[in-house]
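Below is one structure, written out as structure tokens; comments come after it.
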Amino acid sequence: MREDGHETQSGGGGFMAVERLRVLRELADRKTVAAVAEALSMTPSAVSQQLKVLAREAGVALLEPDGRRVRLTDAGRALVVRADEVLAAMDRAVGEMALYRGSPRGQVRVALFPSGAALLLAHVLAELAGSGVEMVARDEDVPPTEVPRLLADYDVVLTHRDERAPALTGPRVTSRILMREPIDVVVSPDHRLARQGAVVPGELADETWLSVRGGFPVDDVLRSIATVTGVQPRIAQRLNDFNVIEELVASGYGVALMPRYSVRHPDLVVLRLAGVRAARLYELASRPHAATRPAISAVLRAFESAAGKVPAKSMPG
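Numbering-wise (UniProt numbering), the sequence shown opens with residue 1 and increments by one.
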């Protein structure tokens with residue numbers, strides 16, 4: 001027995017401790033030993049020691065040098081996938097015992113993009129009230145490509161993507177579509193197009209745009225408009241706060257694409273965009289097998305119920 005309380009193994013290919021599998025998974029998520037040490041409240045040397053012991057337990061090299069750092073070998077990456085399964089099974093066992101005590105219990109960490117949180121979070125929390133499940137929510141405004149990184153710190157991530165973009169998939173990510181939200185054009189009341197109920201891309205070729213940063217669904221739709229018109233959009237500002245974009249549009253500084261349920265400004269004119277598939281999909285991402293944990297399953301059901309209560313917001317006219 002070592003000083004840290006873990007048993008040592010003299011041979012390879014035998015027992016692998018669950019906590020060391022957790023350290024390996026953290027390295028896959030966070031990339032550096034220092035980041036793992038900070039996340040797990042360990043010293044870097046203790047992390048390195050745990051990984052060395054795990055390699056002896058596995059009987060195969062799990063890490064290899066990568067400059068001044070280390071990276072996972074093919075065997076290491078394969079073991080991370082199995083570690084996900086083992087740790088999910090442990091979480092599921094804890095959750096099942098909670099069911100025997102009466103209800104799903106525990107804390108579930110959830111990340112949401114800001115406009116999705118504004119639309120759904122209050123309804124989700126209402127659904128979970130009295131369930132014994134504590135949902136801890138944080139806003140994270142990152143492109144869909146960054147979701148796997150967020151799953152290092154969160155059990156569930158609510159993200160959004162252009163409806164033509166591929167779903168979030170992979171050996172360590174699973175996702176489900178929650179809802180679809182159209183993306184419209186918003187203009188000021190005195191804009192030349194303000195009296196129309198809909199616009200086609202060709203009518204927007206010469207406009208000055210207020211858009212979001214690249215990689216987000218609204219920007220994906222704007223690039224689709226550019227493809228249809230053959231004209232690169234003239235983007236005056238890139239801002240990820242829809243409230244700021246609305247104020248600028250209402251003040252006549254340009255036009256913008258906005259998700260339909262995010263439009264709040266009373267003076268804006270909303271126009272349907274015709275001729276282009278313009279919508280974003282809300283998507284819930286988690287680790288494979290995470291939904292077998294009762295508390296996480298309860299959170300996912302709460303999101304589905306909340307999305308079902310979003311009233312259909314029709315276009316004027």
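Ideal placement from N, C-alpha and C gives every residue a C-beta, glycine not left out.
Contact between the stretch 210 to 220 and the stretch 285 to 295 is absent: fewer than three C-beta pairs spanning the two stretches fall below 8 Å. VAL136 is classed as exposed because its beta carbon has fewer than 16 other beta carbons within 10 Å across all chains shown.
For PHE242 and SER262, the gap between their C-alpha atoms comes out near 7 Å. For the pair of segments examined, the stretch 278 to 285 was found to touch the stretch 154 to 161: the number of CB pairs separated by less than 8 Å reaches three. ILE183 has PRO259 as its beta-bridge partners, per DSSP. The Cβ atoms of ASP184 and VAL47 do not sit closer than 8 Å to each other. Taking 4 residues as the shortest admissible run, the stretch 113 to 180 contains the following complete alpha helix (DSSP H) segments, listed from N- to C-terminal end: 114 to 128 and 147 to 150. Runs of alpha helix (DSSP H) with 4 or more residues, each lying fully within the stretch 216 to 291, are found at 217 to 229 and 242 to 250, listed in chain order. Within 10 angstroms of the beta-carbon of VAL33 lie 16 or more other beta-carbons, which makes it buried.
One alpha carbon belongs to VAL142, the other to PHE113, and they sit about 7 Å apart. In this structure, GLU181 places its C-beta atom within 8 Å of the C-beta atom of ARG260. Following the DSSP letters along the chain, one finds LEU300 inside the alpha helix (DSSP H) bounded by residues 294 to 308. Counting the other Cβ atoms within 10 Å of the Cβ of GLU134 gives fewer than 16, which makes it exposed. A distance of 8 Å or more separates the beta carbons of LEU257 and SER188. Judged by DSSP in its simplified three-state form, SER211 adopts strand. Under DSSP, ARG69 forms a beta bridge with ASP66. The C-alpha of ALA236 is placed about 21 Å away from the C-alpha of ASP267. Under the three-state reduction of DSSP, GLY76 is assigned to helix. For ALA295 against ARG105, the beta-carbon gap comes to about 6 Å, under 8 Å, which counts as contact.
Under the three-state reduction of DSSP, ALA61 is assigned to coil, being neither helix nor strand. According to DSSP, GLN107 shares a beta bridge with GLU134. Put simply, of ARG176, GLU203 and VAL244 the residue whose alpha carbon is nearest the alpha carbon of GLY230 is GLU203.
For LEU63, the closest of ARG149, ALA28, GLU19 and PRO201 by C-alpha to C-alpha distance is ALA28. For the 8 Å CB-CB criterion, LEU128 and VAL299 form a contact. Counting along the chain, no alpha helix (DSSP H) covers VAL200, and no H or E run does either. If you ignore the 5 residues before and after ARG77, its C-beta comes within less than 8 Å of the C-beta of ALA28, all in its own chain and listed in chain order. One thing to note: ALA111 has its Cβ no nearer than 8 Å to the Cβ of GLU146.
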